[in-house]
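Peer 1: Once you know that position 278 of the sequence shown is 1078 in the working numbering, the rest is easy, because the numbers rise by one and skip nothing.
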Amino acid sequence: MEKKEALILNIKDLKVEYRTEDGVVYAVNGLDLEIEKGKTHGLVGETGAGKTTTALSVLDLIQSPPGVIVNGQIELDGKNIRGLKDKEMEKIRGSEVSMIFQDPMTSLNPVMTIEDQIAEVIEYHEPGGYKEAIKKTHDMLTMVGLPPKRGKEYPHQFSGGMKQRVVIAMALACRPKLLIADEPTTALDVTIQAQVLTLMKELKTRYDTSMLMITHDLGIVAEICDKVSVIYAGRIIEHGNLEDIFDNTRHPYTEGLFNSLPNLQDRKAKLKPIKGLMPDPTNLPSGCPFHPRCDYAMDICSKEYPKKIGRNDQHFVECHLYNSENIIKGGVIKRG
Ligand code: SF4
């Protein structure tokens, strides 16, 4: 049995809604997520599955209105951080948990020099004043492969890949316990993507930071993650370590994600995208929300939400195919 490490993040039964004029968007629907200390945990799913909403909930950055965290427990390093006062949460953001967004300009101020922006974060969280913060900023710029003298420049003078390096420097400046990276390389060219991922991997090890890597790209998961949670319609529908998910896939949606990847060994092989679209989050299907798209759907699938079933003590799936009765009938996917 694999030894379970202490948790850096423990989310239980998280429910988040956006109450709009067009109806209630059920973005996150009873999500459980455990991230072990020191691990890189991939959160994988299509656009609209609830990945970013989950991350923003951890940082208490859900825009309200229309967003409301309806239910759930969020523990960061053993401490409940749900419902903290704004001032307390501000202290935690940056020093204990930081986030890297897909578009670096979300985090950068166009009218401030790069070094002043990083130094501002350091000054807010650490003693020592501006001079000390600038010194540390220059160390951080060197660490992410940028010459410190470029700190005097503004974001528009940097390429996309360099801006993302600046954001990484800013996110790690105060040595957070948890780094949340939301599709951090999606907006970058493929070669730059690889460089940024390698850099994140190195820095994560150097600073002993735990990481939540949000992505729709299973290639990135294979490259960087230890554990994987697959999210669909605001719930984790399969969870396991890399081997479980890649070599012992159980959920038909996870299977669909793999089938929709290009096959580099057989370039003539056609992509097999998952049929249909993500469900309308204002009107989620009954039972298993994947049933309208699922090739394996049975009668029960539109009636009851499936229970969580463990293949072993760390690989879980929510799918009726794995009810003992259906396993006996042989209705079990086996990849690899
Ligand atoms: Fe498909 Fe049913 Fe499993 Fe949902 S519960 S993934 S519909 S087989």
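Even glycine gets a Cβ: it sits at the ideal position worked out from N, Cα and C.
Nearer than 7 Å: is that true of the beta carbon of P1085 relative to any heavy atom of the ligand MN?
Peer 2: The ligand MN is absent from the structure shown, which contains only the ligand SF4.
Peer 1: Could you tell me which of E1043, I922, Y1032 and A971 sits nearest to F901, measuring between CA atoms?
Peer 2: Measuring from the Cα of F901, the nearest candidate turns out to be A971.
Peer 1: How big is the Cα-Cα spacing for V1117 and V996?
Peer 2: Approximately 32 Å, taken between the alpha carbons.
Peer 1: Helix, strand or coil, according to DSSP, for Y1007 in the structure here?
Peer 2: If DSSP states are grouped into helix, strand and coil, Y1007 belongs with the helices.
Peer 1: What residues are listed by DSSP as bridge partners for A981?
Peer 2: Note: A981 sits in a beta bridge opposite I900 and M1013.
Peer 1: Using only Cβ atoms and a threshold of 5 Å, which residues come within that distance of a heavy atom of the ligand SF4? Order them by chain position.
Peer 2: Listed by chain position, these are P1052, C1088, F1090, H1091, C1094, Y1096, A1097, C1101, P1106, C1119, H1120 and L1121.
Peer 1: Between the alpha carbons of V921 and L1121, how many angstroms are there, rounded?
Peer 2: Approximately 49 Å between the Cα atoms of the pair.
Peer 1: At a cut of 8 Å, does the stretch 932-944 reach the stretch 881-891 through at least three beta carbon pairs?
Peer 2: No: the two stretches stay apart, fewer than three of their Cβ pairs being nearer than 8 Å.
Peer 1: Suppose you measure from the CA of K839 to the CA of G1040; what does that come to, to the nearest Å?
Peer 2: Whole-angstrom Cα-Cα distance: 13 Å.
Peer 1: Give me whichever residues DSSP pairs with S1029 in a beta bridge.
Peer 2: BP columns for S1029 point to L843 and H1039.
Peer 1: Which term fits G1136, buried or exposed, when burial requires 16 or more other beta carbons within 10 angstroms of its beta carbon?
Peer 2: Confidence in G1136 is poor, its pLDDT being 41 and thus under 50, which makes the residue's placement too unreliable to answer from.
Peer 1: Taking only runs of the alpha helix (DSSP H) that begin and end inside the stretch 909-939, which ones reach a length of at least 4 residues, in chain order?
Peer 2: Complete alpha helix (DSSP H) runs here, min 4: 914-925.
Peer 1: From Y924 to G1076, what distance separates their C-alpha atoms?
Peer 2: Cα to Cα, the separation comes out at about 47 Å.
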